[in-house]
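Protein chains in written order, with the working numbering: chain A, 53 to 450; chain B, 53 to 450.
2 protein chains.
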Amino acid sequence: MKAAVMGYGTIGSGVVTVLDTNRDVIASRLGEPLEVTKVLDLRDFPGDPVENKLVRDYQDIANDPEIDIVVETKGGVEPAFTFVKAMLESGKHVCTSNKALVADKGAQLIRIAREHNVNFMFEASVGGGIPIIRPLLKCLAGDVIEGIYGIVNGTTNYMLTKMANEGSDFDEVLKEAQDKGYAEKDPTADIEGHDAQRKIAILTSLVAGRQIDYQDIPTEGITKISAIDMKYAAAMKRVIKLVAASKKTGDTYSARVAPLMLPEGHPLYHVDDVFNAIMVHGNMLGDGMFYGSGAGSLPTASAVVGDMVDMARHVDKNIRLDWEEEKLILADPGDDSYRYFVRTSDTKSDIEKIFDSPEYIDAGVEGETGFVTGEMKQSSFDEAAGKLIDVRSCIRLA
Amino acid sequence: MKAAVMGYGTIGSGVVTVLDTNRDVIASRLGEPLEVTKVLDLRDFPGDPVENKLVRDYQDIANDPEIDIVVETKGGVEPAFTFVKAMLESGKHVCTSNKALVADKGAQLIRIAREHNVNFMFEASVGGGIPIIRPLLKCLAGDVIEGIYGIVNGTTNYMLTKMANEGSDFDEVLKEAQDKGYAEKDPTADIEGHDAQRKIAILTSLVAGRQIDYQDIPTEGITKISAIDMKYAAAMKRVIKLVAASKKTGDTYSARVAPLMLPEGHPLYHVDDVFNAIMVHGNMLGDGMFYGSGAGSLPTASAVVGDMVDMARHVDKNIRLDWEEEKLILADPGDDSYRYFVRTSDTKSDIEKIFDSPEYIDAGVEGETGFVTGEMKQSSFDEAAGKLIDVRSCIRLA
C-alpha cells in the first residue's frame with residue numbers, strides 16, 4: 053500500500069516517523085507494508101529520509117496510480133482544500149490533521165469522497181492524538197449526544213494551570229509558554245479561543261449531522277483572565293478552564309467557547325497542563341470522557357496513521373458519514389443559562405438592587421466586590437450587568 | 053435491517069430500549085431502520101413490548117434469512133458459544149457484551165466470522181459503555197501499545213472509594229454495596245478480581261494479536277484490604293485501587309490484577325465510585341485515558357448498539373481483526389518490579405536486616421510497623437518477605 057504526505061512540517065514529518073518506527077506492527081495489522089513514496093513540500097530537506105521522495109506539484113501525487121492514500125498536514129484552508137479535493141476526485145483516500153480545513157470544508161469533502169467511493173478522515177483534527185471522532189461516530193452511533201464539554205487547547209490549558217498554581221499574571225505566563233514552545237509567536241488563535249472554536253464546530257457538526265459554521269459560535273478567549281480572578285476561583289474551590297461546549301437544545305444545538313469556573317468533582321477539574329480532555333454526554337451512555345496529549349508531533353501523527361490504517365482496510369469502500377452541507381442554525385446564545393461570577397466596584401446594596409440574592413465571595417481583595425449570581429439567562433444577565441458601574445471580570449460557572 | 057437479541061436480561065432489554073428510544077436517529081445514521089424481530093429467551097414476558105417476538109430455539113434465529121445482525125447478551129461461555137457460532141456460520145453478524153465468552157473464545161469466533169465474511173464485535177465486553185476496544189484497534193492502529201492500566205470493575209471501585217472516604221471495613225461496605233444493588237449476592241467474581249482478569253485478558257490479547265489465557269494472569273482481589281490499610285494510604289497521600297494492568301515486556305506482555313497504591317497526580321487517582329477508566333500508553337501517542345460508566349443496563353447497551361450500527365454499515369464486509377488463536381506465553385510475573393507497602397509486627401531493626409533502606413510510614417497505628425521497600429523484583433520481594441515474622445498486609449505501589 054503506497055501513500056503520500058502533503059506538507060512536511062511538524063505533523064507531516066511525525067507521520068513519516070510513526071510509519072517508520074512501527075513499520076512491522078503496521079504491516080502485520082494490515083497484511084502488507086504501508087509506505088510513503090511521495091512527499092509534497094516546496095522546501096528541500098537535504099539528508100532527510102524523504103529527500104528523494106519530494107515533489108513540488110500536487111498533480112504528481114494525484115496522477116500517481118500507485119498511491120491510494122494521501123495525508124494532508126499543511127494546515128490552513130487554501131491551498132489544502134484544492135489539493136485534497138483533487139486527490140479525492142482522483143480516487144484517493146485522504147486523511148488530515150487540519151482543523152481549519154475540516155471546520156470550513158468538512159461536509160463538502162465528505163460528499164466528494166462519497167461520490168468517488170473513497171474516504172475522508174480527520175481524527176487528528178480535534179484533540180490531537182486523543183481518539184474522539186471515531187468513538188463519537190462509531191461507538192456512540194446508538195446514542196443521541198446531548199452535550200460535549202472539552203478542554204481542547206493545550207496552550208491555554210497550560211497557561212491557566214500555571215496561573216492557578218503560581219499566582220502569576222497572564223502576560224508573564226504567555227511569555228513563558230512562548231519560551232517553552234507551548235505557545236506560538238503569534239498566539240492569537242489559541243488565546244482568543246479561535247482554535248477551540250473550530251474544534252467544537254467540527255464535533256458539533258458531526259453529532260448534528262449538519263454544517264455548523266464556526267463563526268456562529270460565541271467565543272471568548274483567556275486574555276481577560278487575571279491573577280485576581282484566580283484568587284477568587286481558589287476561594288471558591290474552583291478552577292478556571294477554557295471550555296468549548298455544545299448542548300442539544302430542542303432540534304438544534306447551542307455552542308460556546310469561554311472560560312468556565314469548574315467545581316471540584318467535575319470530570320474536567322483535574323485536566324492540567326498541556327493535556328486535553330473531552331467529555332461527552334449521551335442519552336443512553338451517560339457521561340464518557342477522553343483524555344490525553346492534545347497536541348505534539350507524534351501523538352497527532354499517531355492519530356493520522358490510525359486513519360491511514362483504517363482507510364487501507366476500507367480501500368474499496370466508502371464508510372458512511374453523516375455531515376450534510378446544509379447549514380444548521382444554532383440556538384440563540386442569549387437563551388443559555390448560567391450562574392455568573394462578577395467582580396465590580398459597586399457596593400453590595402447597589403448589587404442587590406440589580407441581582408436577586410447574590411452570593412458574595414471573600415478572596416481578600418480590597419476595593420471591589422466579588423459575587424456569584426443565581427442561574428439566569430445570558431440575555432437577562434447582560435441586561436442586568438449593564439446596570440453595574442463597572443464589570444471588572446465576568447466568568448460563567450459550570 | 054433486521055436483528056435478533058439472545059438473552060432478554062439487563063443488557064438485552066437495554067438494547068431493545070436503546071433501539072426504541074433512539075429509533076429515528078439510528079435510522080437516519082444508517083439510511084434505514086434497525087429493528088429487532090426476534091428475542092431468544094426461555095422466560096415469558098407478558099405485557100412487554102417483545103412479548104410477541106420471543107422464540108425458544110436459537111435455530112429459529114439462525115434459520116431466519118431476514119435477520120442479518122444478532123446480539124448475544126446471555127452471559128457465560130455455554131450455551132452462548134454454541135449459539136454465537138451457529139449464527140456466524142449462518143452468515144449473521146454477531147456482537148456481544150459477554151466478557152466470559154470473549155476472553156475464552158474470542159480468537160476462535162473472530163476466525164469463524166472471517167471465514168463466513170461476517171463480523172464478530174464485542175465493544176461492550178470491557179468497560180461497559182466506555183469506548184475502548186474500537187479506539188484501541190482503530191485509532192491506535194499505528195501505535196505499539198506498551199501499557200494498559202485500568203479500573204475495570206465498578207463494584208470494587210465503589211467499595212474501595214467508600215472504604216477510603218468513610219474509614220469503614222470491607223465486610224460492612226460489601227453489605228452496603230449488595231443492599232444498593234452494586235454488588236451481587238455472590239460477589240466472588242468482582243471482589244476476587246476474576247471479572248477484571250477476563251477484561252485485561254481481552255485487551256491484552258487484542259494489542260498482542262494473540263490468545264492470552266486469562267487463567268495465566270496473576271490475580272488478587274480486594275478482600276484483604278482493610279480500614280487500617282486505608283489509613284496508611286491516606287498517610288502516604290495515596291489511594292488504593294484495583295488495577296488490571298498489562299505491559300509490553302520484550303516480545304510478550306506481563307499482566308496482573310491487584311490492588312495498587314496510586315499517588316496523587318496519577319490519571320486513575322480521581323476515578324471514584326462505580327466509574328471505570330482505562331489508561332493506554334502508546335509508543336507514539338503517549339498516555340490516553342477513557343473514562344465513564346463501566347456498567348449498567350443502558351450504558352452497556354449503548355455500546356452494543358454502537359456495534360450493531362457498525363455491523364449494519366459493514367454488512368457485506370469482514371473488518372480485519374488480528375487476534376490469532378495461537379497462545380501467547382506471558383512474561384514471568386516474578387520478574388515484575390514494584391515498590392511494596394508492607395505491614396508487619398517485626399521491629400525496625402529486623403526489617404532493616406531484610407530490606408535495604410525501607411521508608412517507614414507513620415499512620416498512628418500501634419503494635420506494628422508499616423514501610424515501603426525500594427523497587428525490587430516480585431520474586432526477590434517474595435523471598436525477602438518470607439523472612440519477616442508476619443506480613444499483615446502487602447500492597448504494590450504505582
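For every residue, glycine included, the Cβ atom is placed at its ideal position computed from N, Cα and C.
- Among the residues of chain A, those whose CB is under 7 Å from the CB of B:V196 are N74, V77, following chain order.
- When DSSP states are grouped into helix, strand and coil, B:L153 belongs to the helix group.
- Contacts between A:V57 and chain B, judged by CB atoms closer than 9 Å, are missing: the closest CB pair is about 14 Å apart.
- Boundaries of the beta strand (DSSP E) around A:N328: 327 to 334.
- By the Cβ neighbour-count rule, B:R75 is exposed, with fewer than 16 other Cβ atoms within 10 Å of its own.
- Ranked by Cα distance from A:A286, the first of A:G416, A:K144, A:Y392 is A:G416.
- Just so you know, the alpha carbons of B:A193 and B:D374 end up roughly 11 Å apart.
- Against chain A, the beta carbon of B:L314 has no neighbour under 7 Å; the closest one sits roughly 13 Å away.
- DSSP lists B:V123, B:M173 as the bridge partner or partners of B:C147.
- Contact check between the segment 240 to 250 of chain B and the segment 262 to 274 of chain B: three or more CB pairs, one atom from each, fall below 8 Å, which counts as touching.
- If you keep only unbroken alpha helix (DSSP H) runs of at least 4 residues inside the segment 264 to 296 of chain A, you get 279 to 287.
- If you keep only unbroken alpha helix (DSSP H) runs of at least 4 residues inside the segment 379 to 406 of chain A, you get 400 to 406.
- Contact between the segment 215 to 230 of chain B and the segment 275 to 283 of chain B is established, with three or more Cβ pairs separated by less than 8 Å.
- At least one beta carbon of chain B lies nearer than 8 Å to the beta carbon of A:E175.
- Shown here, A:Y110 sits in a helix according to DSSP, grouped into three states.
- Going by DSSP, A:V68 is part of the alpha helix (DSSP H) stretching over 62 to 73.
- For A:H322, the nearest CB of chain B lies under 8 Å from its own CB, placing it at the interface with that chain.
- Shown here, A:S298 sits in a strand according to DSSP, grouped into three states.
- With respect to the 8 Å criterion, A:E228 and A:K214 are classified as neighbours on the basis of their beta carbons.
- In the structure shown, A:S257 adopts helical secondary structure according to DSSP, grouped into three states.
- Interface with chain A (8 Å Cβ-Cβ cutoff): B:D116 is excluded.
- Beta bridge pairing from DSSP links A:M341 with A:M331, B:Y343.
- Under the three-state reduction of DSSP output, B:V361 falls in the helix class.
- Taking all protein chains shown into account, B:T240 has fewer than 16 neighbouring C-beta atoms within 10 Å of its C-beta and is therefore exposed.
- Neighbours of A:L192 in chain B, taken as residues whose beta carbon is under 8 Å from its own, are P183, S354, G358 in chain order.
- Beta bridge pairing from DSSP links A:G199 with A:K299, A:H333.
- The alpha-carbon separation between B:D242 and B:L294 amounts to approximately 10 Å.
- Cβ neighbours of A:S397 within its own chain (closer than 8 Å, five residues either side excluded): G419, E420, T421, I441, D442, R444.
- The beta carbon of B:D339 falls within 8 Å of a beta carbon belonging to chain A, placing the residue at that interface.
- Straight-line measurement puts the Cα of A:L71 at about 8 Å from the Cα of A:I78.
- Closer than 8 Å to the CB of B:G199 there is not a single CB belonging to chain A.
- A:T301 and A:A383 do touch by the CB rule: their CB atoms are close to 4 Å apart, below 8 Å.
- The beta carbon of A:E103 is closer than 6 Å to those of F97 in its chain, skipping five residues each way along the sequence.
- By the neighbour-count definition (other C-beta atoms within 10 Å, threshold 16), A:Y412 is an exposed residue.
- If you check each beta-carbon in the segment 363 to 385 of chain B against every beta-carbon of chain A, the ones closer than 7 Å belong to R365, K369, I371, R372, D374.
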